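A short worksheet on the structure shown next.
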Amino acid sequence: MAPWLSEHEKGQIDALAGQELSVRAIVKALKPRPDRSRPSYATVSRYLASRGRRSVRKKPGPKRLLSRKSERRIIRAVSVDALTCGQVVHELHLQCSAKTVRRTLQAAGFLRCKRVARKPSLSSDNIRKRLAFATAFIAKPMAFWHQVVFSDEKIWSCDGPFGSSQRWVDCRVKSSSYARRQHSGGGKVHMWAGMSLHSLTMAVFVEGGLNAVKYQQVLLEALLPFGLEMFDFNFTFHQDNAPAHTANATKAWLDALGVTVLPWPARSPDLNPIENVWGVLSRVVYRKGRQFARVAELRAAVLAAWATEAQKYVVPLLESMPRRLQAVLDARGHHTKY
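First residue of the sequence shown: 1, per full-length UniProt numbering; consecutive thereafter.
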């Protein structure tokens, strides 16, 4: 207790503490008696502690950007709806940055961000070829890239996206509550697609693994009609260095048809703009942690996303090619932010 406090002063302190004032504000509000000085900060603190009251301490720093209610909404959005920090800012119409959302999630204490994506390792030969490619094509005008058809394959799984960069997981609940695995690992589909400045190619699903024969059939069905209609067959074809692409039979087949193939450096997904389209489509298809019970449902969702979302990003992604090449040169052939 604090016996040097009068009953009047104790009553004043109790009343001011009931108004949720800080100790410093209470000391300042007390009126000193003529025969003694105003009670000190330590005296008031000890008295409040003896009364079982917690002193109110004003935290230093700027005003909070997020209310307690907003913090609860953020936690619910990432743990239940599987949204990223940037998506949370957009979906909840928050007046803060994605970094603020990330700090809020980290401060919760029971959320953990799982990072599963890994960039492909680069050998000295890979680095040398990436530098050579960037040096050879950095001066190409945008008109050149407008005549390129970029292509790639993507594996879609009923269980969720392959190679997603990160996911916030609530450590208080079992994994079964935020991820459901199908029997035998779940179904998946192998899809090929391409894009150019003018339009998108049709999306083709491949049954089983992709070999040279199946790949040529895919190009015959989707690429050649597209190149004839959009470019009068005057285009450059991009493909990565997958075995079905670099097989001698595929090379001879493309040469016989007169298709110009872009000499692409191996292990360079950061240079291929269609890789960014896959990221956008994955967020659409697997929005809010969606999973699929049947492959047919997955195919329908992928085709719908390809038809409605992909075209929005084609122009800015193609126009980023000079910046991507410059980034490779700046990184001396190593990985870039793309």
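Heads up, the beta-carbon is just placed ideally off N, CA and C, and yes, glycines get one too. Fair warning: this is a prediction, and the values are worked out from it, not measured in the lab.
Could you give the DSSP three-state label for residue i: helix, strand or coil?
i	result
S268	coil
T201	coil
L318	helix
W253	helix
A244	helix
W192	strand
F226	helix
I155	strand
R112	strand
F292	coil
S22	strand
V259	coil
F150	strand
V206	strand
F144	helix
T100	helix
T236	strand
S176	In this prediction, S176 scores a pLDDT of 42, lower than 50, which makes its location untrustworthy; the coordinate-derived value is nonetheless stated afterwards. Three-state DSSP puts S176 in a helix.
W278	helix
residue 339	With the chain represented from 1 up to 338, any question about residue 339 goes unanswered, as that position is not in the structure.
S124	helix
A304	helix
A15	helix
Q326	helix
Y286	coil
With 16 as the cutoff for other CB atoms within 10 Å, does residue i come out buried or exposed?
i	result
R128	exposed
S176	Unreliable positioning characterises S176 in this predicted model, as indicated by a pLDDT of 42, which lies under 50. The coordinate reading is nonetheless provided below. S176 is exposed by the Cβ-count criterion.
C171	exposed
V78	buried
S67	exposed
G185	Residue placement at G185 cannot be trusted, given a pLDDT of 47 that sits under 50; what the coordinates show is reported in the next sentence. Counting Cβ neighbours within 10 Å, G185 comes out exposed, since fewer than 16 surround it.
P34	exposed
P225	exposed
L65	exposed
Can you give the beta carbon distance from residue i to residue j, rounded, assuming they're within the 8 Å contact cut?
i	j	result
Q239	V261	7 Å
Y278	K119	The amino acid occupying residue 278 in the given sequence is Trp; Tyr does not appear at that position. In fact, because the Cβ distance is near 15 Å, the residues do not count as touching under 8 Å.
Y47	L16	Between L16 and Y47 the Cβ distance is about 11 Å, and since that is not below 8 Å, they are no contact.
I138	L317	That belief does not hold up - the Cβ atoms of I138 and L317 are roughly 17 Å apart, past 8 Å.
Y338	D255	Between D255 and Y338 the Cβ distance is about 30 Å, and since that is not below 8 Å, they are no contact.
A212	A242	The pair is not a contact, with the Cβ atoms about 10 Å apart (cut-off 8 Å).
Between the Cα of residue i and the Cα atoms of the options, which residue gives the shortest distance?
i	options	result
A331	H198, E221, K10 and T135	T135
K188	L281, R294 and N241	R294
Q106	D125, E71 and V80	E71
Q147	G279, T104, W306 and M230	M230
A304	L281, S320, K312 and E319	L281
A203	P39, W192 and L92	W192
P265	L122, A296 and I274	L122
K312	F133, N211 and P273	P273
S151	Y215, K28, M142 and F133	Y215
S320	F144, I74 and V302	F144
Quick check: the Cα distance between residue i and residue j, rounded to an integer number of angstroms?
i	j	result
G208	S97	43 Å
P322	Q291	37 Å
T94	V88	Reading the sequence as shown, one finds Leu at residue 94 and not Thr. Approximately 8 Å, taken between the alpha carbons.
G18	V101	33 Å
R130	D159	34 Å
M195	R112	36 Å
E7	D14	11 Å
P62	L83	27 Å
T336	A327	6 Å
S157	E309	19 Å
L223	R103	46 Å
R283	Y41	55 Å
A300	L21	60 Å
R287	E91	12 Å
K31	Q12	9 Å
L197	K140	16 Å
F235	G227	7 Å
G86	V80	16 Å
R51	S45	10 Å
A244	R267	15 Å
F233	P263	18 Å
A49	K69	30 Å
L298	T246	29 Å
V285	W306	10 Å
Against chain B, with Cβ distances strictly below 8 Å, would residue i count as a contact?
i	result
A247	Reference to chain B is not applicable here, since this structure consists of a single protein chain.
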